[in-house]
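Below is one structure, written out as structure tokens; comments come after it.
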Amino acid sequence: MKIVSTIAEVRQQVREWRKQGLSVGLVPTMGYLHEGHASLIDASCRDNDRTVVSDFVNPMQFGPNEDLESYPRDLAHDAKLVEDHGGDLIFHPEPSEMYHEGFSSFVDMTVLTEELCGLSRPVHFRGVCTVVSKLFHIVQPDRAYFGKKDAQQLAVIRHMVDDLNMDITIVGCPIVRESDGLAKSSRNTYLNEAERQAALVLSKAIFEGMSLVKNGETDCAVILGKMKTLIEAEPLAKIDYVKIVDCATMQPIPVLDRPALCAMAVYIGKTRLIDNFFTEDL
Ligand code: PAF
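What the sequence shown shows, in my numbering, is residues 1251 to 1532, in sequence order.
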């Protein structure tokens, strides 16, 4: 397993693999890897001859008052996890390698980015689409792997690949949870003991929503009402949003009459956590 920090080194390695006729998978990450990322690397190693993991905290997708500076970083830990799971190359660039002076081109998207996280994080998806496009151009993978925990991001990337005719298969992988239900996230490290306990309210509400849908409830107001009541009972939790949206457009729907995503963002203290389920997965 190699770690490189320049675009030229990634390109050279991928060219060598291509000459040997090998397929390439890409797992884009912001590092501080956990079992959720490991499941993406496992899926890539299963489907491709070689796997590249990008490890880059992308400044462009953070708003001015967000956690860019405090976002956890640990390359040595990441390298061990990638190696243990069979990854072949880590691309760990400095911001200046990705965004040279005078950088002024962006990939932006309407409609799908207007709701959910796009509402509370207005610059986020422009940063995600731009960096992911760059990573796709740099690595030119056959397949790229994203977690369903960032459900809107997955939908946005699938849509971008389709809109811009990128010849890459996007693979969405299931949410990985702690044994008590909390969805794995690098941001869970921000939680103190009381907050960690309080954070369980997200998965409890998700499981409640899933069970209502499985039992035939189709009225989104009823489902969301019960989920919100559960969250509001937790004093350390503050809802950013809990919504049910059309999977294709990410726009809210009143009735479950098509494939839908039920998604939430909730502050536990100062930490903003997300969780969701797709009705099609039930
Ligand atoms: O999901 C993430 O970790 C990031 O948004 C991504 C896709 C690596 C882009 O920076």
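No residue lacks a Cβ here, since even glycine has one placed at the ideal position from N, Cα and C. Bear in mind the structure is a predicted one, so any value in this text is a computation, not a measurement.
Beta-carbon contacts of residue i that lie in its chain and below 7 Å, excluding the five residues immediately before and after
i	result
P1309	L1318, P1345
T1279	H1287, V1303, S1304, D1305
M1416	F1386
H1284	K1434, S1436
Contact under 7 Å by Cβ, residue i with residue j
i	j	result
V1411	I1420	yes
M1460	F1386	no
L1532	V1451	no
N1474	V1406	At residue 1474 the sequence reads Leu, which differs from the Asn that was named. For L1474 and V1406, no; Cβs fall outside 7 Å.
L1486	A1448	yes
V1495	L1511	yes
A1515	R1522	yes
Q1403	V1373	no
S1255	P1343	yes
I1257	I1388	yes
D1392	V1274	yes
With 16 other Cβ atoms within 10 Å as the buried cut-off, status of residue i
i	result
L1441	buried
N1298	buried
A1326	exposed
T1380	buried
R1265	exposed
V1472	exposed
T1301	buried
P1509	exposed
V1505	exposed
S1354	exposed
H1350	exposed
G1533	Past the boundaries of the shown model lies residue 1533; the chain is included only from 1251 to 1532, so the question cannot be answered.
C1430	Looking at the sequence shown, residue 1430 is not Cys but Asp. Its Cβ having fewer than 16 others within 10 Å, D1430 is exposed.
S1435	buried
F1356	exposed
Q1501	exposed
Check: residue i C-beta below 6 Å from any heavy atom of the ligand PAF
i	result
H1279	Here the sequence assigns Thr to residue 1279, which means His is not the residue at that position. T1279 Cβ: within cutoff of the ligand PAF.
I1381	Reading off the sequence shown, one finds Val at residue 1381, where the question assumed Ile. Under cutoff, so the answer is yes.
V1378	yes
D1400	yes
N1442	no
N1308	yes
CB contact check: residue i to chain E, cutoff 7 Å
i	result
Q1402	Of the protein chains in the structure, only one exists, and it is not chain E.
Close-in-space but distant-in-sequence residues of the same chain around residue i (CB under 6 Å, 5 per side omitted)
i	result
A1433	K1399, I1425, R1427, D1525
G1368	F1375
Continuous beta strand (DSSP E) stretch holding residue i: start and end
i	result
T1360	Per DSSP, T1360 belongs to no beta strand (DSSP E) and is neither H nor E.
I1425	Segment: none, I1425 is in no beta strand (DSSP E) and carries neither H nor E.
A1293	Premise fails: A1293 lies in the alpha helix (DSSP H), 1285-1297, not in any beta strand (DSSP E).
K1434	Where K1434 is concerned, there is no enclosing beta strand (DSSP E), given that its DSSP letter is neither H nor E.
M1280	It is not in any beta strand (DSSP E) - M1280 carries neither H nor E in the DSSP assignment.
D1305	1300-1305
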